[in-house]
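Undergrad: Just dropping this structure here.
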Amino acid sequence: MKNILTQSLAKYFLPDGLTTSYSFDKGAESANMLNATRSATKLISHFFSPINALAGKPVFTVKSDSVVVHVFYYIPVVKQALNSNTVNNLGTSLSSLFGRPVSLRLVKLHYPYLDSYILAQYIAMNTQDYTLVQIVRRMFGSISPVKNTESLNALASELPSHIVGIKVRVSGRLITERWRPRQTV
């Protein structure tokens with residue numbers, strides 16, 4: 064059978080005309096990497112908890128010689144920032160966990176609704192003091208969805224991305240609601 068993807072077609076469909084191969088059966092190495100990513104996720108969430116910052120789910124890019132970790136975080140206090148010494152300590156502990164150099168890419172979000180995982184944490188954190196309607200009004204009362212993303216007002220805004228719509232689904236009994244026993248008929 065002839066090779067369907069010839070070199071002349073490969074330059075259009077593959078980067079630099081090279082083929083890419085994946086090996087999913089690496090044995091103990093892939094299991095160790097999976098355990099390291101799970102441990103790193105827990106370590107990152109524990110890192111952000113004492114400073115009252117909400118962290119999104121980290122995205123790991125594992126290369127043969129290094130690991131790149133992307134983490135979105137939100138701090139409710141506007142003027143509060145991360146300490147560079149503690150971030151460096153987090154990086155060294157992650158590199159010892161993975162056994163290779165780790166590059167941390169921390170992205171501060173100015174609004175909690177820009178990441179769904181952070182939004183869920185924000186709503187859960189505020190349900191002890193406020194009702195769901197009050198939380199939604201505090202977050203979304205000052206903004207309006209962008210209807211035309213090509214307009215001059217949308218292009219001149221400070222946000223690099225725009226919220227077109229949002230859907231929040233809450234289930235269960237909130238902490239602010241009274242507990243009521245079931246009534247049988």
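Under our numbering, the first residue of the sequence shown is numbered 64, with each subsequent residue one higher. Glycine residues also receive a C-beta, built at the ideal position from the N, C-alpha and C atoms.
From the DSSP secondary-structure annotation, give me the bridge partner or partners of residue 144.
TA: Locating residue 144 in the sequence shown gives position 81, where the first residue counts as 1. Its beta-bridge partners do not exist; DSSP assigns none.
Undergrad: On the three-state DSSP scale, how would you describe residue 171?
TA: What you label residue 171 is simply residue 108 of the sequence shown in a count that begins at 1. If DSSP states are grouped into helix, strand and coil, residue 171 belongs with the strands.
Undergrad: Going by DSSP, what residues sit across from residue 133 in a beta bridge?
TA: By one-based count along the sequence shown, residue 133 stands at place 70. The partner list for residue 133 (beta bridge, DSSP) reads 122, 168.
Undergrad: Between which two residues does the alpha helix (DSSP H) containing residue 177 stretch?
TA: As a position in the sequence shown, residue 177 is number 114, starting the count at 1. It is not in any alpha helix (DSSP H) - residue 177 carries neither H nor E in the DSSP assignment.
Undergrad: Would you check if the stretch 122-130 and the stretch 180-197 touch, i.e. whether three or more CB-CB distances between them fall below 8 Å?
TA: No: fewer than three Cβ pairs fall under 8 Å.
Undergrad: If you check the beta carbons only, do residue 103 and residue 160 fall under 7 Å apart?
TA: Within the sequence shown, numbered from 1, the residue matching residue 103 stands at position 40. Within the sequence shown, numbered from 1, the residue matching residue 160 stands at position 97. Yes, these two residues count as a Cβ contact at 7 Å.
Undergrad: Might you give, ordered along the chain, the residues of its own chain that have their beta carbon closer than 6 Å to the beta carbon of residue 116, omitting 5 neighbours on each side?
TA: As a first step, residue 116 is located in the sequence shown; it is residue number 53 there, counting from the start. Excluding sequence neighbours, residue 116 sits near 136, 138.
Undergrad: Buried or exposed for residue 157, please, with buried defined as at least 16 other CB atoms from any protein chain shown within 10 angstroms of its CB.
TA: Residue 157 sits at position 94 when you count from the first residue of the sequence shown. Answer is buried; the Cβ neighbour count reaches 16.
Undergrad: Identify, in the order they occur along the chain, each residue of the same chain with its Cβ nearer than 6 Å to the Cβ of residue 167, setting aside the five sequence neighbours on each side.
TA: Reading the sequence shown from its first residue, position 104 is the one you call residue 167. Answer for residue 167: 132, 154, listed in chain order.
Undergrad: In terms of residues, what are the limits of the alpha helix (DSSP H) holding residue 199?
TA: Taking the sequence shown and counting its residues from 1, one reaches residue 199 at position 136. Run containing residue 199: 195-203, per the alpha helix (DSSP H) assignment.
Undergrad: Among 174, 202, 99, whose alpha-carbon lies nearest the alpha-carbon of residue 122?
TA: Numbered from 1 along the sequence shown, position 59 holds the residue referred to as residue 122. Taking only the C-alpha atoms, the option nearest residue 122 is 99.
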